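Peer 1: Can you keep this structure in mind? I'll have questions shortly.
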Amino acid sequence: MALVAHSRHRMVHPVAWWAWGIGLAAAASHTTNPILLVLIVVIAAWVVVERRELGAIDAFVPFLLIGLGAIAFRVVMTVVFGNGIPGGTIILDLPSVRLPSWVAGIRLGGPVSLEGVVAAAAEGARLATTLACLGAANALASPKRLLRYAPATLYDIGTAVVVALTFAPQLVELAGRVRTARQLRGHSGRGLREVARIIVPVLSGTLDRSLDLAASMESRGYGRVPALSRRQRTGASSLALVGAAGVVAGLFGVMSPSIGGVFGLPTLVLGVLVSAGALMVGARTDTRTAYRRDPWRSPEWILSAMGAAVALSFLLAESRGIPGMALAQVPLAWPELPWVPAAILAACALAIPATPLPPRLAARRRGLTHVSPPQGEVS
Amino acid sequence: MIELQDVAVTYAGAARPTIAGATLRIDEGEFVLVVGPTGSGKSTLLRCLNGLVPHFSGGTVSGRVVIDGRDTRDHRPRDLAEVVGFVGQDPMASFVTDTVEDEIAYGMETLGVDPTAMRRRVEETLDLLGLASVRDRPLAQLSGGQQQRVAIAAVLAAGPRVLVLDEPTSALDPVGAEEVLAALHRLVHDVGLTVVLAEHRLERVIHYADQIVVIDGGRVSPLRHPADAMIDSPVHPPVVALGRSMLWSPLPLSVREARRAARGLRGQLGHLGHLGPVEAGGPVGPLGRSGHVSEPGADGPVTTPVNNEPTKAAVGTHVTVKRDGIVALDEVTVSFADHAVTAVMGRNGAGKSTLLLGLAGLLRPSSGSLRVMGQDPAQLRPSARVGVVGLVPQDPGVLLYADSVADECRAADRDLGAPPGRTAALVREIYGELPGDAHPSDLSEGQRLALALAIILAGSPHVLLLDEPTRGLDYAAKGHLVGLLRRIANAGTAVILATHDVELVAEVADRVVVLADGQIVADGPARSVIAGSPAFAPQIAKIMHPVPLLTVADVSAALEPAS
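Have a look at this one:
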């Protein structure tokens, strides 16, 4: 069954999962075809179910929910404000509000066309799918594991990221405790006013925990870069930041050609080069060592190749104007399926046979569920 | 190894230094215990040792702190990481990674230990602290004792010569605490590690200490021999209290030493009888219900509850609770009488907190029924529930929201439907005068607990639940709590407390229920349940065994007619 022989169950390199997830996210950002978008979400969900390690944070569902919220938000905004898409099929005629002349160009109320609503929903779905893919990457390889591979030059940012990553789950946990405590004082713990009452104790409590974590990292030597002078360090840090900014801007340009135009790809390439330079400068002075780093073998190559292929095929298909990549808005028509990108996308589901099971999940599947209960002392 | 010269620490905005006059010279391989009342500056002293004070927390340090030849003035904590390992109170808050092995390797990775050496040291450390069987587990799934041992292993693996620990056993059950301390003891003896440790529950650690530093009100004593220091220390364990009252010299510090000194005493009190072994499932020792021994701290007739007493304030019948797929309570049938204090004991994760949450109506059993004063607490609306059952949670701070004590009291009166001024009056009764304009988070642990307790009591609940109330309390605050709980119980309330603190149970509980893996394994009068248990026996019971006495007050009272 498996494409790659793997005798041992192991964790797949986090960078590979992120390359795969970001590839899918980039692909999603190039289409508004609902069939393709749904296919992407289904594949991401399937892989998460099959390859998420037991006990890892399930980020996929929350990200998906946020995405659904984004769809709803866009649709509501379109109904209220319109989106300038000329459509003949009026499904709802809201009373129009006459606005003063200095806000000319903004419409409030008025006729709502089916075409406009569908276009808004498709745009929202594109964003939602992108988010779902990032959620899948989060669930498959926690950002904490990813961070172990962050270059030395990004130490300061790394601290901030670790603290921030633990902040959110702790916030949720503490909020639960404080809500319980509100009930002990005779309140329901529900409703807006209650939220307002608990917000300060929850935030300050979580902040205290984060400070504890930062103190622990500091006491354990995080951020020691003895070989680097202050100037070298600043130089390397700014180089890395410029590179990262270039990569982000480039990605943005590639993903939405209307804004980035022809500069998208060159900016991306330049950004990658500068980042690589910064990493090499950093790596020379990196005194950290690696304990049992995840190996980079064929499953990792396959995952990254899948990510790159799907992103590239969607990018090319869209820029060449292959029919079916975008939803036809006026007149509204059910899109056809662009076969080549769809086939490459479907191939991404092969991530399941191509990668080994994570160890604890494998143990659970074998029926050795010694994992779940927090056991007493084993001694 | 560690040298402090006239060290004083003043935090920004503080009128006077938090600690002053610390001059210490700690040699390699010493086990040093830092003792003192709550808020006396123990944590500040410990955090000076690896430079967290002042580099991380701010404040002004005068004098010199030199660790292994490195002055903390120009060495940040990260530069001292291979010399000093620091372990805080809450291991979960200190974890950077997700699994045991990664966490242990983390410090070595940042220090740049060679991968081959690192691999070997991880294995050695896993063995040294008995963690090999859980090496690939997620940290969140470990028990409290395991988590604390991982936190120690994580700093230890980096190979520091000094280990600094701030109340490492405060959240642990007696067995878990013993595991952690035994591991430390072994490290001092076998590896020559220097250990500096602060702890409230002296009965757990004092016999391990080579030297003691006493901090009282910010004044740091020089290093003293434990037996000398305990003669006039403001905080001391029960064994020392017994030794002081019996005028034993030299003062015994361990149960073993005290048993030797107490040979005559046991003979003198032998007429009180022998204690039989405790059997699982509802045992009663021969002396369990006898009236021979006067109750400790009783200021009225104390009802000794018997299992089938008619006044059952809270009853659970075949209660099963599943949380996250794990059976936390398994077919538990139990009842709690009013006019009495019942202690629920058991390992970390045995189901104590779950039982309390169920009784407080915050958690619905998966099957079976819970009744408090004849009502299902989960069905009651929160506003009605506060008059039936009140719970003081493990961290009383989560009950407090206001900016000042006075505001907190006023808000509590409104929340709980009490007449204005009731909470403030309760605070005065429980604790005495609290500064009305102080922020709740600036109060000491004892003060915060008193305030939280007053808020819950303002609802006049018939059943009062307390989850681990003595965490972070010193002996004085604990003594105060004992008297208070007795008064509340005597006034007719059913007091139920979940705790690891065997000394507290010895002082206050009428009845003890022991849980293990969600099932009741012992249920009976406190005297017979805890006196015979190797894990839960208080120090005095161990010293006096087989004479069934639990506290110093018991012993004095028993001697009274003899003298």
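Same order as they appear, the protein sequences are chains A and B. Residues 1 to 379, numbered by my numbering, are exactly what the first sequence covers, in order. Residues 380 to 942, numbered by my numbering, are exactly what the second sequence covers, in order. Each residue gets a CB set at the ideal place from its N, CA and C atoms; glycine is no exception. No experiment lies behind these values; they were computed from the predicted model shown.
At a CB-CB cut-off below 7 angstroms, which residues of chain A make contact with B:I834?
Peer 2: One-based indexing of the second sequence puts residue 834 of chain B at position 455. Per Cβ cutoff of 7 angstroms: R185.
Peer 1: For a cutoff of 8 angstroms on Cβ pairs, would you count B:S473 as touching chain A?
Peer 2: Counting from 1 along the second sequence, the entry for residue 473 of chain B is found at position 94. B:S473 counts as touching chain A.
Peer 1: I need the straight-line Cα distance from A:G67 to A:R288, nearest angstrom please.
Peer 2: For the purposes of this step, residue 67 of chain A is taken as residue 67 along the first sequence, with counting starting at 1. For the purposes of this step, residue 288 of chain A is taken as residue 288 along the first sequence, with counting starting at 1. Computed Cα separation, rounded: 38 angstroms.
Peer 1: Report yes or no: is there a C-beta of chain A within less than 8 angstroms of the C-beta of B:M752?
Peer 2: For the purposes of this step, residue 752 of chain B is taken as residue 373 along the second sequence, with counting starting at 1. No, B:M752 does not count as interfacial toward chain A.
Peer 1: Inspect the beta-carbon positions of B:Y485 and B:T495 and report whether they are closer than 8 angstroms.
Peer 2: Locating residue 485 of chain B in the second sequence gives position 106, where the first residue counts as 1. Locating residue 495 of chain B in the second sequence gives position 116, where the first residue counts as 1. In this structure, B:T495 does not lie closer than 8 angstroms to B:Y485 by Cβ.
Peer 1: In the DSSP assignment, find the unbroken alpha helix (DSSP H) run with B:G646 in it and report its ends.
Peer 2: Position 267 of the second sequence, counted from the start, is the residue given in the question as residue 646 of chain B. From DSSP, the alpha helix (DSSP H) with B:G646 extends over R642 to Q647.
Peer 1: What is the rounded straight-line gap between the Cα of B:T683 and the Cα of B:T872?
Peer 2: If you number the second sequence from 1, residue 683 of chain B lands on position 304. If you number the second sequence from 1, residue 872 of chain B lands on position 493. Here the model assigns B:T683 a pLDDT of 42, short of 50, so the residue's position is not dependable and the matter cannot be decided.
Peer 1: Examine chain B for any beta-carbon lying closer than 8 angstroms to the beta-carbon of A:L207, and answer yes or no.
Peer 2: Your numbering for residue 207 of chain A matches position 207 in the first sequence. Judged by the 8 angstroms Cβ criterion, A:L207 is not in contact with chain B.
Peer 1: For B:I594, which beta-bridge partners are listed by DSSP?
Peer 2: Here residue 594 of chain B is taken as the residue at index 215 of the second sequence, counted from 1. When beta bridges are read from the DSSP output, B:I594 appears opposite B:V599.
Peer 1: Once the 5 residues before and after B:R404 are set aside, which same chain residues still bring their CB inside 6 angstroms of it?
Peer 2: Here residue 404 of chain B is taken as the residue at index 25 of the second sequence, counted from 1. Cβ within range, chain order: E382.
Peer 1: Report yes or no: do the region 528 to 547 of chain B and the region 504 to 514 of chain B share at least 3 C-beta pairs separated by less than 8 angstroms?
Peer 2: Per the Cβ contact rule, the region 528 to 547 of chain B is in contact with the region 504 to 514 of chain B (3 or more Cβ pairs under 8 angstroms).
Peer 1: Confirm, please, whether the CB-CB distance from B:P617 to B:V874 is below 8 angstroms.
Peer 2: Locating residue 874 of chain B in the second sequence gives position 495, counting from the first residue. Locating residue 617 of chain B in the second sequence gives position 238, counting from the first residue. No, they are not a contact pair.
Peer 1: Report the rounded CA-to-CA distance for B:V432 versus B:T417, giving the unit in angstroms.
Peer 2: To locate residue 432 of chain B, count along the second sequence from 1; it is residue 53. To locate residue 417 of chain B, count along the second sequence from 1; it is residue 38. If you take the alpha carbons of B:V432 and B:T417, they lie about 19 angstroms apart.
Peer 1: Looking at the structure shown, is B:D876 part of a helix, part of a strand, or coil, going by DSSP?
Peer 2: Counting from one through the second sequence, the residue named residue 876 of chain B turns up at place 497. The displayed chain sequence assigns Leu, not Asp, to residue 876 of chain B. In this structure, B:L876 counts as strand in the three-state DSSP scheme.
Peer 1: Take B:P904 as the anchor and find which of B:F715, B:V777, B:L863 and B:A895 has the nearest alpha-carbon.
Peer 2: The residue you call residue 904 of chain B lines up with position 525 of the second sequence. It is B:F715.
Peer 1: Quick one, which of B:Q898, B:A831, B:D385 and B:T849 has its alpha-carbon nearest B:V599's?
Peer 2: On the second sequence, position 220 is the one that residue 599 of chain B refers to. Among B:Q898, B:A831, B:D385 and B:T849, the Cα nearest to that of B:V599 belongs to B:D385.
Peer 1: Please compile the residues from chain A whose C-beta is within a distance smaller than 8 angstroms of the C-beta of B:P772.
Peer 2: As a working mapping, residue 772 of chain B is identified with position 393 in the second sequence. The contacting residues are R177, T180, A181 and L184.
Peer 1: Return helix, strand or coil for B:Q520, following the three-state DSSP convention.
Peer 2: Taking the first residue of the second sequence as 1, we reach residue 520 of chain B at position 141. Helix at B:Q520.
Peer 1: Contact defined as beta carbons within less than 8 angstroms: I believe B:A588 pairs with B:P605. What is the distance between those atoms, to the nearest angstrom?
Peer 2: Counted from its first residue, the second sequence places residue 588 of chain B at position 209. Counted from its first residue, the second sequence places residue 605 of chain B at position 226. 5 angstroms between Cβ atoms; contact.
Peer 1: Run the CB neighbour count on A:H187, radius 10 Å, all protein chains shown included, and call it buried at 16 or more, exposed below.
Peer 2: By one-based count along the first sequence, residue 187 of chain A stands at place 187. Looking at its Cβ environment, which holds 16 or more other Cβ atoms inside 10 Å, A:H187 is buried.
Peer 1: According to a CB-to-CB cut-off of less than 7 angstroms, which residues of the region 139 to 151 of chain A neighbour chain E?
Peer 2: Absent here is chain E; the protein component of the structure consists of chains A and B.
Peer 1: Using the DSSP secondary-structure output, state which residues sit across from B:F465 in a beta bridge.
Peer 2: Along the second sequence, one-based indexing puts residue 465 of chain B at 86. Beta-bridge pairing links B:F465 to B:V543.
Peer 1: With a 10 Å radius around its C-beta and 16 neighbouring C-beta atoms as the bar for buried, classify B:P665 as buried or exposed.
Peer 2: Along the second sequence, read from residue 1 onward, the residue named residue 665 of chain B stands at position 286. Low confidence applies here, because B:P665 scores a pLDDT of 34, under 50, leaving its location unreliable and the question unanswered by this model.
Peer 1: Comparing the C-beta of B:S628 with each C-beta of chain A, is any distance below 8 angstroms?
Peer 2: Within the second sequence, residue 628 of chain B is the residue found at index 249, counting from 1. Output row for B:S628: interface = no.
Peer 1: So for A:P359, helix, strand or coil by DSSP?
Peer 2: In the first sequence, residue 359 of chain A corresponds to position 359, counting from 1. Helix at A:P359.
Peer 1: Tell me B:Q384's beta-bridge partners as DSSP assigns them.
Peer 2: Numbered from its first residue, the second sequence carries residue 384 of chain B at position 5. As computed with DSSP, B:Q384 is found in a beta bridge with B:R443.
Peer 1: Let me make sure I understand the geometry here. Which of A:Y149, A:V76, A:A59 and A:N83 has the alpha-carbon closest to that of A:L134?
Peer 2: Mapped onto the first sequence, residue 134 of chain A falls at position 134. If we check each option's Cα against that of A:L134, A:A59 comes out closest.
Peer 1: Report the CB separation of A:I35 from A:L24 in whole angstroms; it is logged as a contact under 8 angstroms.
Peer 2: Numbered from its first residue, the first sequence carries residue 35 of chain A at position 35. Numbered from its first residue, the first sequence carries residue 24 of chain A at position 24. Not confirmed; about 15 angstroms, so no contact.
Peer 1: Please go through the region 718 to 767 of chain B and give each complete alpha helix (DSSP H) segment of 4 or more residues, from N-terminal end onward.
Peer 2: For the region 718 to 767 of chain B, whole alpha helix (DSSP H) runs of length 4 or above, ordered along the chain, are 731 to 738 and 761 to 764.
Peer 1: Residues of chain A with CB closer than 8 angstroms to the CB of B:P494, please, in chain order.
Peer 2: Locating residue 494 of chain B in the second sequence gives position 115, counting from the first residue. By Cβ distance, chain A contributes T289, A290 and Y291.
Peer 1: Could you check whether the Cβ of B:V479 sits closer than 8 angstroms to any Cβ belonging to chain A?
Peer 2: Here residue 479 of chain B corresponds to residue number 100 of the second sequence, with the count starting at 1. Not closer than 8 angstroms to any Cβ of chain A, the Cβ of B:V479 fails to qualify, so no.
Peer 1: Could you have a look at B:D406 and say whether DSSP puts it in helix, strand or coil?
Peer 2: Within the second sequence, numbered from 1, the residue matching residue 406 of chain B stands at position 27. Three-state result, B:D406: coil.
Peer 1: Would you mind reading off the limits of the beta strand (DSSP E) that contains B:S714?
Peer 2: Sequence index remark: in the second sequence, residue 714 of chain B carries index 335 (1-based). Start and end: I705 to A716.
Peer 1: Between which two residues does the beta strand (DSSP E) harbouring A:I322 extend?
Peer 2: Along the first sequence, read from residue 1 onward, the residue named residue 322 of chain A stands at position 322. Run containing A:I322: none; DSSP gives neither H nor E here.
Peer 1: With 16 as the cutoff for other CB atoms within 10 Å, does B:S624 come out buried or exposed?
Peer 2: In the second sequence, the residue the question calls residue 624 of chain B occupies position 245. Answer is exposed; the Cβ neighbour count stays below 16.
Peer 1: From what residue to what residue does the alpha helix (DSSP H) around B:L651 run?
Peer 2: Residue numbering aside, residue 651 of chain B sits at position 272 when the second sequence is read from its first letter. Neither: B:L651 is in no alpha helix (DSSP H) and is coded neither H nor E.
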